[in-house]
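Numbering (this note's numbering), first residue to last: 47 to 440. Here a beta-carbon is modelled for each residue, glycine too, at the ideal position from N, C-alpha and C. See below for the structure under consideration.
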Ligand SMILES: Cc1ncc(COP(=O)(O)O)c(C=O)c1O
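Structure representation (structure tokens):
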């Protein structure tokens with residue numbers, strides 16, 4: 047078998063397929079020297095709103111800023127509480143903390159890795175000054191927005207969707223992630239399914255007055271020029287990013303479908319070898335390895351990450367073995383946020399599903415251009431390791 051390295055992500059392969067579309071745009075912007083705002087940004091904001099099925103979209107400097115600006119627009123400030131998962135990327139809770147507000151942790155569902163309406167309802171009951179709910183569509187799978195919207199309506203607070211990893215995914219009603227909350231927040235970090243040539247983000251919303259507020263907030267709260275009724279930030283999606291992302295957007299669904307097809311192939315190989323899905327536990331399977339349980343149509347998983355579960359006792363040895371074999375992988379996320387040093391003052395929290403996921407999960411290459419040989423090499427390397435090491439340790 048070919049033992050060439052398999053990277054976790056190969057952005058050069060994607061670029062090679064669209065170089066001819068991108069290079070003229072970069073040349074045009076270099077010639078125009080129009081880097082901030084302008085027609086590329088306007089067109090891209092409209093294209094994202096149309097893609098997500100919202101009335102508006104407001105570009106900003108990153109997914110982290112999309113969360114921060116949304117929280118600012120919702121009036122979140124010192125002493126407020128915002129519900130969010132602990133098993134997510136740091137930015138989710140970091141945005142809350144930066145405004146002097148407190149994250150209120152919820153555990154995740156072991157099947158989807160997303161937080162559930164029941165979990166959030168239970169957290170609502172623990173809150174004294176709840177201001178918003180910020181659930182995350184993790185790994186590219188849309189969360190249960192019907193349930194979440196019902197809980198938020200009862201609690202009388204907005205939902206700020208952290209859809210940073212989930213652009214194009216659809217929930218159980220067929221609606222796109224980021225289209226049903228008060229705002230939806232997306233990241234264009236290069237490793238996302240729609241990745242820029244640097245940092246970038248956007249906020250979707252169906253409320254024109256919220257969009258107008260976000261446009262002021264991303265520009266120091268300025269309106270009209272040099273008049274500030276409130277303090278905002280400098281958070282721009284520049285013209286080069288908007289042009290690159292605008293050229294990539296028409297390819298996004300094809301790329302996400304290729305990721306899902308790769309996931310099908312991995313599923314087949316791991317399930318045929320005796321693994322199960324996250325709807326099961328490792329005790330129920332002949333091989334202790336779980337693949338992601340797939341949502342039913344019309345839901346769509348865009349597989350920003352393909353995350354396996356293996357016994358905690360062998361996960362880190364498997365990582366070391368994959369390093370030796372030059373197979374890219376990562377752990378999202380080894381330390382849930384409630385265990386982070388910087389949040390220690392929030393006190394202990396009981397989030398057993400998050401803790402277990404942090405100990406057992408491992409993400410493997412899933413990018414669109416992955417070849418069949420590469421997938422086989424990844425799966426066979428993992429399977430032979432799990433077969434020889436897991437039975438002794440579980
Ligand atoms: C769930 C989640 N939220 C927020 C962000 C922040 O996005 P950015 O890196 O563009 O600031 C990320 C990025 O990885 C993310 O995965």
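Test item: CB-CB of residue i and residue j under 8 Å
i	j	result
residue 264	residue 106	yes
residue 442	residue 206	Since the first residue of the chain shown is 47 and the last is 440, residue 442 is not available in this structure.
residue 347	residue 215	yes
residue 203	residue 177	yes
residue 350	residue 186	yes
residue 338	residue 132	no
residue 408	residue 375	yes
residue 250	residue 111	no
residue 113	residue 217	no
residue 254	residue 101	yes
residue 184	residue 134	yes
residue 234	residue 242	yes
beta-carbon residue i near ligand 1 non-hydrogen atom, thresh 7 Å
i	result
residue 407	no
residue 445	Not covered by the structure: residue 445. The range shown for the chain is 47 to 440.
residue 134	yes
residue 155	no
residue 138	yes
residue 215	no
residue 113	yes
residue 235	yes
residue 109	yes
residue 128	no
residue 103	no
residue 211	yes
residue 166	no
residue 381	no
residue 322	no
residue 230	no
residue 353	no
residue 244	no
residue 224	no
residue 1	As displayed, the chain neither begins before 47 nor continues past 440, which places residue 1 out of reach and without an answer.
Residue i versus residue j - alpha carbon distance
i	j	result
residue 353	residue 340	12 Å
residue 160	residue 398	14 Å
residue 425	residue 317	11 Å
residue 275	residue 266	10 Å
residue 57	residue 72	18 Å
residue 191	residue 226	7 Å
residue 67	residue 288	14 Å
residue 389	residue 140	10 Å
residue 119	residue 329	47 Å
residue 61	residue 211	20 Å
residue 395	residue 290	42 Å
residue 379	residue 90	31 Å
residue 181	residue 77	42 Å
residue 427	residue 404	22 Å
residue 371	residue 51	7 Å
residue 440	residue 358	Only weak support is given to the placement of residue 440: the predicted model assigns it a pLDDT of 49, under 50, and the value that follows is read from those uncertain coordinates. Straight-line Cα distance between these residues: approximately 9 Å.
residue 362	residue 401	15 Å
residue 236	residue 223	19 Å
residue 373	residue 319	20 Å
residue 147	residue 294	36 Å
residue 423	residue 49	8 Å
Test: residue i CB closer than 8 Å to a CB of chain C
i	result
residue 96	In the structure shown, chain C does not exist; there is a single protein chain.
Point to revise | Length-filtered (4 minimum) alpha helix (DSSP H) runs lying within the stretch 242-277 | key: 254-263
Item to check | Meets three-Cβ-pair contact criterion under 8 Å: the stretch 295-304 and the stretch 117-133 | outcome: Pairwise C-beta distances place the stretch 295-304 out of contact with the stretch 117-133, as fewer than three of them are shorter than 8 Å.
Exercise for review: Pick out the complete alpha helix (DSSP H) segments inside the stretch 105-185, 4 residues or longer, and give them in chain order.
Suggested key: Qualifying alpha helix (DSSP H) stretches, in chain order: 109-119, 137-144 and 163-172.
Next item on the list: Taking only runs that begin and end inside the stretch 330-389, name each unbroken alpha helix (DSSP H) of 4 or more residues, in chain order.
Entry: 358-370
Practice task
Check whether the stretch 420-434 touches the stretch 327-337, counting contact only when three or more Cβ pairs, one atom from each stretch, lie closer than 8 Å.
Solution key: yes
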